[in-house]
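Notes to accompany the following structure.
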Amino acid sequence: MNKTRTGIFFFIFFFISIISCAQPDFFTRYYFKNLNIRDGLSQNTVNAILQDSKGFMWFGTKDGLNRYDGLSFRVFKFDAKAKKSIGNNFITALYEDQKGTIYVGTDAGLYVYSPITESFIHFSLKSAQGTSIEHSVTSIISDKNGGIWVSVDSQGLFYYSPSQGTLTNYFSNKSKKHISANITRFWFDDSGTCWLCLYDDNLYYTKDHFKTLKPYVAADGSQPFKDDIINKLVSGSHYCLYVGSSKGGLKEIDLTTNKVRTLLLKDESGEIVYAREIAFYSKDEIWVGSESGLFIYHLKTGKFTHHTCVNGDPYSLSDNAIYSLFKDREGGMWIGSYFGGVNYYPKQYTYFEKFYSSGNTNRDFGKRVREFCESNDGTIWIGTEDKGVFNYNPATGAIRPFTNPAIYHNVHGLCLDGVLFMDRNICQRIKSSELKDQTDKIIP
C-alpha cells in the first residue's frame with residue numbers, strides 16, 4: 045500500500061473517531077489491550093498485579109513472576125543453578141514495602157525480592173510459636189507502623205516486624221484449634237480494628253489485638269456473610285467497606301451505621317455474580333472481577349455495565365475469568381485473567397470510538413475504509429474497498445449497510461450533490477432513493 049493511500053485511511057479513521065468522541069455517554073465503549081504468552085508473559089494465569097515505586101508492573105502467574113517495563117517482560121523463575129533465584133514459580137500475592145522491597149507470596153511460602161541486587165531470599169524466619177510461612181500465601185499488606193502482615197492458607201495470620209526482625213503467628217492451628225486458620229482476606233480500618241474473612245465461614249473482626257474474634261452482625265441483627273466465601277475486602281470513601289464474595293456478589297458495609305447494602309448480586313441474565321476481585325477506578329466507579337467477566341458498577345446511579353470476552357473482537361477482554369485487578373499511578377486499569385493473560389485499559393484523556401471488524405456484525409465497516417461524505421440529514425455515507433457502502437447515524441449510533449446492483453463492493457469515491465456518486469473504476473451515478481438496506485427498505 046502506498047503512502048498516499050495509508051494517509052487517506054488514517055485520516056478517515058481519525059475523522060470518524062473525532063465525530064464519535066462528541067457523542068453522548070451511551071456511546072462510550074471500553075477498549076482493552078491484551079498481553080499474553082505471545083508477548084513474553086511466562087504464563088496466562090495472572091493471580092497478582094503490582095506497580096512498584098519505580099513504575100515497573102509486576103505480574104504473578106502460575107508459572108513465574110514477570111516484570112513489565114511497558115515494552116517487554118523480564119521473567120523470574122526457579123533456577124537450580126542460581127542460589128538467589130525465586131524458589132517457587134506459582135505466584136499468589138505481591139506487595140512492596142516503604143523501602144522498595146517486594147514480598148512475593150507463592151503456593152509454598154514467601155520470598156523477598158531486593159531491587160538493588162535483583163535477587164530473592166526465602167523468608168524462613170521462625171515465629172515465636174515455632175511456625176514459619178510454608179503454605180499458600182493468600183494476602184500481604186502493611187500497617188501504619190511499617191509492619192508486614194501475611195495471611196497463609198491453613199496457618200492463620202503472620203506479623204513480621206522488619207525493625208525488630210521478629211515474626212508472630214496468630215490463629216495458627218497450634219495456638220487456637222477452635223478457630224479456622226484459613227484466612228482468605230483481612231483489612232485494618234482507621235481505628236485499628238482488624239477485619240478477617242475465614243474461608244467458607246464468615247466475616248469476623250477483632251478490636252483487642254486478636255484476643256477475641258467476633259462475627260460481624262449487621263444493624264438488622266443478621267450475619268450477611270455467614271457460610272459465604274469472601275474473596276476481597278476494599279475500603280471506600282465515607283467510612284464504607286466493600287466485600288466481594290462467591291455467593292453474595294458485591295456488598296457495601298457502612299461502618300458508621302452498620303448497615304449492609306447489596307450492590308450487585310445478579311447479572312443481566314439473572315445469574316449470581318461470583319465476585320472474586322474489587323478495585324476502585326474512581327470514587328463512583330467500582331470494578332468487579334468475576335467468573336463471568338468484568339462488571340463496572342456506578343455508586344451514584346446504581347447501574348452497571350458487563351464486559352466479557354467476545355470471539356473475534358480484538359478489543360474485548362481476553363477471558364471471562366478475572367483473577368486480579370490493579371489501578372496504576374497513571375490511572376490505567378490492569379485486569380488479570382485465568383486463561384487470557386492480562387488486559388490493560390489506559391486512562392481516557394480523550395475518548396475515541398472505534399469501528400472495526402469484530403464479532404459484532406452490526407458495527408462492521410470492513411477493514412478497508414476508503415471514502416466518506418456527510419449527507420443532508422446529518423448522517424455519514426462510508427465507502428469501503430471490501431464491503432461496499434454504509435450509512436452511519438451519529439445521533440443514534442446505527443450503522444446500516446446498503447446494496448444496489450450498480451454498486452460494486454470496492455468503492456473508491458463518494459460525492460453528495462443532490463444525488464450520490466460512487467466510483468469503482470468508473471463513476472456510477474446512483475440516486476439515494478435507489479439505495480436499499482439489508483431489509484430491502486427504500487431509503488427516502
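Residue numbering for the sequence shown follows the numbering used here, beginning at 45 and increasing consecutively.
Glycine included, C-beta positions come from ideal geometry on N, C-alpha and C.
For clarity, every value in this text was computed on a predicted model and none was experimentally measured.
- Excluding five sequence positions before and after residue 281, the CB atoms of its chain that fall closer than 7 Å to its own CB belong to 327, given in chain order.
- Beta-bridge annotation (DSSP): residue 282 is not paired with any residue.
- Per DSSP, the continuous beta strand (DSSP E) segment holding residue 95 begins and ends at 90 to 95.
- Bridge partners of residue 298 according to DSSP: 284, 303.
- Considered as a whole, the segment 179 to 237 harbours 181 to 186, 192 to 196, 200 to 205, 210 to 214, 227 to 232 as its complete beta strand (DSSP E) runs of no fewer than 3 residues, in chain order.
- Between residue 137 and residue 181, the C-beta gap is smaller than 8 Å, which places the two residues in contact.
- For residue 441, there is no enclosing beta strand (DSSP E), as DSSP marks it with neither H nor E.
- Look at residue 73 here: in three-state DSSP terms it is coil, with no helix or strand label.
- In the structure shown, residue 111 adopts extended strand secondary structure according to DSSP, grouped into three states.
- Bridge pairing for residue 265: absent [DSSP].
- Look at the beta carbons and you see the segment 157 to 171 not touching the segment 184 to 191: under three pairs across the two are nearer than 8 Å.
- In this structure residue 292 does not touch residue 320 by the C-beta definition: roughly 12 Å separates them, more than the 8 Å allowed.
- Ranked by Cα distance from residue 103, the first of 397, 370, 347, 251 is 370.
- For residue 134, no beta strand (DSSP E) segment is defined, and its DSSP state is neither H nor E.
- By the CB criterion at 8 Å, residue 227 and residue 238 fall outside the cutoff.
- The DSSP-derived three-state label of residue 81 is helix.
- Judged by DSSP secondary structure, residue 246 falls within the beta strand (DSSP E) whose first and last residues are 246 to 250.
- Residue 188 holds the alpha-carbon nearest to the alpha-carbon of residue 142 among 188, 436, 132.
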